[in-house]
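Comments concern the structure below.
2 protein chains.
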Amino acid sequence: MHRDDTANPRATRPNVYDVAQLAGVSIATVSRVRRGNGPVADATRERVQAAMTELDWQPSAPARALAGERHEAVGIVFPELSGRYYAEVIRGFEARAVEASAAALILAAHERPDSEAMVRDLAARVDGLIIMDRTIGDDTAAIVERRGVPVVLLARPPVDDIPAVRVENVEVTRELTAHLLTHGWRRLVFLGDPDRSPDVAQRWRGFQQAHADEGLDVPRAPLLANGYQLTDGSAAALGALDGADPPDGIVCANDELASGVYEAAELLDLAVGAELAVTGWDDQPLAERLAPPLSTVHQPMSELGARAAACLIDRIEGRHVVSETLATRVQVRHSCGC
Amino acid sequence: MHRDDTANPRATRPNVYDVAQLAGVSIATVSRVRRGNGPVADATRERVQAAMTELDWQPSAPARALAGERHEAVGIVFPELSGRYYAEVIRGFEARAVEASAAALILAAHERPDSEAMVRDLAARVDGLIIMDRTIGDDTAAIVERRGVPVVLLARPPVDDIPAVRVENVEVTRELTAHLLTHGWRRLVFLGDPDRSPDVAQRWRGFQQAHADEGLDVPRAPLLANGYQLTDGSAAALGALDGADPPDGIVCANDELASGVYEAAELLDLAVGAELAVTGWDDQPLAERLAPPLSTVHQPMSELGARAAACLIDRIEGRHVVSETLATRVQVRHSCGC
DNA sequence: GCGTATGGTGTATGCGCTTACATCTTCCGC
DNA sequence: GCGGAAGATGTAAGCGCATACACCATACGC
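Order-wise, the sequence lines are chains V and R.
According to this note's numbering, the residues represented by the first sequence are 1 to 338, in order.
According to this note's numbering, the residues represented by the second sequence are 1001 to 1338, in order.
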């Protein structure tokens, strides 16, 4: 025996040896019963199961991972957990992970300077990793992948052999912008920072293309906000609307920014929908509740996380997967004047 | 050597032996360099570090956990990840966990039938566990604790030796309700299910006590909703407002339900604030944006998660901790008629 | 009746790391 | 000049599990 059996067995967590001893079998049999593989006589199985219950034994996850080379865990790296979008993505991710009986690890890369190291540490404790948005560089993703941990990119472009799950951004923003332009709004600005998110970069491109399509001057620079929260939107909008040559329409990179624009418009006594067009992105429940109801783009947020998780699990299990683009659609309400 | 060195070393992840061999030292020295403990000559340290970098070595988390008996990971179990409240709590939790350089595991217990087993499985791969709200029973929490995994309860009452982190619910709801009553609203109902959440149960109690304080009939039953989303609120409110003896004020268990009540009021052509008082709970950013701005109770959502994580880490490191109750405050806006 | 599948079980090794302990140098004090 | 402390490094024994392989029955073939 590997341990002093005269000591109080309750002083520490039970292990296979304890169960085996109590059931009067070897650890191999205990393992076979637990895993449900290999042949075991019915009577033996019952004895072992009784022992497991009696000792309240739960196998050590690290030990299993070490012996079996599988962590039964997946991780997701995202920039931050503020705003509904990320919460929904993580919700979808977690649900799919649990369905595959894998533990779900999360890491908010934030603007943390050591995020690359943290990601690599995370990679050492999962079977696969989802890397989302503007968090860490493609090179780190490649390193993780090279180390044998499959990666799926989320809301960013695929690289080399690493597949990505994204939503359609360009065409739908083009359509949305065209909608505004054909309804007579002419001095549109785009609110969001293309440099800080691949998604936003694509939306900005769609916004520009719509102008080109109509033969209009193509906007050269977006209106930048400090972040993607309501207050960021109101601050940026206030500056633009109160300045020289104010816009008559603001295409926002998400719904929270749009809410901020509403706030700014209210302060400046501008009627949204009549004097100022505003559009969002995400189609959160709140979009419908704003006054006037917000025209926006619907994207399947939780499904995005779920699909990425599904792809990741496929990769872990050795199946070949390809990049996916999930559909989005313009959701017209009244903030565009309709 | 434990492995066939003629094989391509890149075919598998490098381990301590590879690093040790490359640096010309023993694995003990490699470990010492990595952990930064024990005495190591400067020259040796540099050689080892160079080897680690060259091989791009990341120690196996399971192996470390198995040898060191520490997972360097903490987990949180919550009922669901819909709604801002849970997202914020998890945000605070994750931030604090990472600060303590622990990985963050999440598990949505949902209404999953096997959630108890899932929690026990989760408990086998963390150093400590936060159990939130109505997820799993106290008995399972006790089992986890008895197995040597410290538990901190979140938004539910402490039991035995398991500390809890909560917000103040009773007094503040009493104050909020009294505010409504003294402003002339008389036929108040409480919207939420006390049986499904300890927090809501306390809020319901505060609601009742306010009536008793004023010498009024104490409401005997709350208005139940199917969940805590906007649509749940509107459905429930629609039924109540459209029935016999409609209420003139609705005290909601969270802001999303209150938004739903707004929707119902709109459908029935009732002016919130004038003909119908509505209050929420959470004080989400959206509360301020509703028309009229929502009177609600402010609670420190992300701090709740952060404090729980801090307590958990204290417990893991052997420090004694006591239960905490975080302060809340009534945030009067206009939906109560003020 | 003996050889041989086959089901049931045990033994022993390895997963990659930490660490107590052993070993071997230096270098200092007297 | 010698004993011994202190520094530097190596050796080996686990941590708890999975599993290849060995082993022992029994049952069946002919």
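Virtual Cβ for every residue (Gly too), placed ideally from N, Cα, C.
Everything numeric in this text was worked out from a predicted model, so none of it was measured.
Residue environment for H1320 (chain R): exposed (fewer than 16 other C-beta atoms within 10 angstroms of its C-beta). Under the three-state reduction of DSSP output, Q1331 (chain R) falls in the strand class.
Following the DSSP letters along the chain, one finds R166 (chain V) inside the beta strand (DSSP E) bounded by residues 164-167. Contact annotation for E263 (chain V) against chain R: E1288, R1289 [CB-CB distance below 9 angstroms, chain order]. A Cβ of chain R is located within less than 8 angstroms of the beta carbon of R120 (chain V).
Counting along the chain, the unbroken alpha helix (DSSP H) around G305 (chain V) starts and ends at 301-316.
Judged by DSSP secondary structure, A1028 (chain R) falls within the alpha helix (DSSP H) whose first and last residues are 1027-1035. In the structure shown, the three-state DSSP call for I1076 (chain R) is strand. Burial state of L1216 (chain R) is exposed, judged by a 10 Å Cβ sphere holding fewer than 16 other Cβ atoms.
Nearest C-alpha to L270 (chain V) among V:A240, V:C252, V:R289, V:S295: V:A240. For the options R:Q1208, R:R1220, R:A1212, R:V1200, the alpha carbon positioned closest to that of G1280 (chain R) is the one of R:V1200. As summarised for the segment 75-158 of chain V, the continuous beta strand (DSSP E) elements at least 3 residues long and confined to that stretch are 103-108, 128-132, 151-154, given in chain order. Counted as a single uninterrupted DSSP element, the alpha helix (DSSP H) harbouring T231 (chain V) occupies residues 230-241. Per the coordinates, the alpha-carbon of E72 (chain V) lies some 38 angstroms from the alpha-carbon of L1286 (chain R). Chain-ordered listing is empty here: chain R has no CB closer than 7 angstroms to the CB of E116 (chain V), the nearest sitting near 12 angstroms. Residues of the segment 90-105 of chain V with a C-beta atom less than 8 angstroms from some C-beta of chain R are I90, R91, E94, A95, V98, A103, A104, L105, listed in chain order. With the criterion set as a beta carbon lying under 8 angstroms from some beta carbon of chain R, the members of the segment 7-32 of chain V are T12, R13, in sequence order. Proximity of chain R to I143 (chain V) at the Cβ level (cut-off 8 angstroms) is accounted for by D1056, in chain order.
Contact between M1132 (chain R) and A1155 (chain R) holds: their C-beta atoms lie close to 6 angstroms from each other, under 8 angstroms.
Rounded to whole angstroms, the gap between the alpha carbons of I106 (chain V) and G1305 (chain R) is 15 angstroms. For A1108 (chain R), the chain V residues whose C-beta falls within less than 9 angstroms of its own C-beta are R91, E94, A95, V98, A104, listed in chain order.
S82 (chain V) and G24 (chain V) have their C-alpha atoms roughly 54 angstroms apart.
Sixteen is the threshold: when 16 or more other Cβ atoms of the shown chains lie within 10 Å of the Cβ of D1018 (chain R), as they do, the residue is buried.
Around P300 (chain V), the same chain offers L326 as residues with beta carbons nearer than 6 angstroms, after the five sequence neighbours per side are excluded. Using a CB distance below 9 angstroms, the part of the segment 40-64 of chain V facing chain R consists of D56, Q58, P59, S60, A61, P62, A63, R64, ordered along the chain. Taking a C-beta cut-off of 7 angstroms against chain V, the contacting residues of the segment 1127-1155 of chain R are I1143, R1147, G1148, listed in chain order. Taking CB atoms only, H1298 (chain R) has no neighbour in chain V less than 8 angstroms away.
Inclusion of V1159 (chain R) and T1140 (chain R) in the CB contact set at 8 angstroms is not warranted, their separation being larger than that value. In this structure, DSSP gives T12 (chain V) a state outside helix and strand, which the three-state scheme calls coil. Listed in chain order, the positions of the segment 1077-1088 of chain R with a beta carbon within less than 9 angstroms of a beta carbon of chain V are E1080, L1081, S1082, G1083, R1084, Y1086, A1087, E1088.
DSSP places E1175 (chain R) inside the alpha helix (DSSP H), whose first and last residues are 1170-1182. DSSP places A1274 (chain R) in no alpha helix (DSSP H); its state is neither H nor E. The residue from R:L1191, R:A1020, R:P1113, R:T1012 with its alpha-carbon nearest to that of Q1049 (chain R) is R:A1020. In this structure, V:V77 is the residue among V:I162, V:V77, V:V89, V:L223 with its C-alpha nearest to the C-alpha of E111 (chain V). Taking 7 angstroms as the upper bound on Cβ-Cβ separation, chain V lies near no residue of the segment 1294-1320 of chain R.
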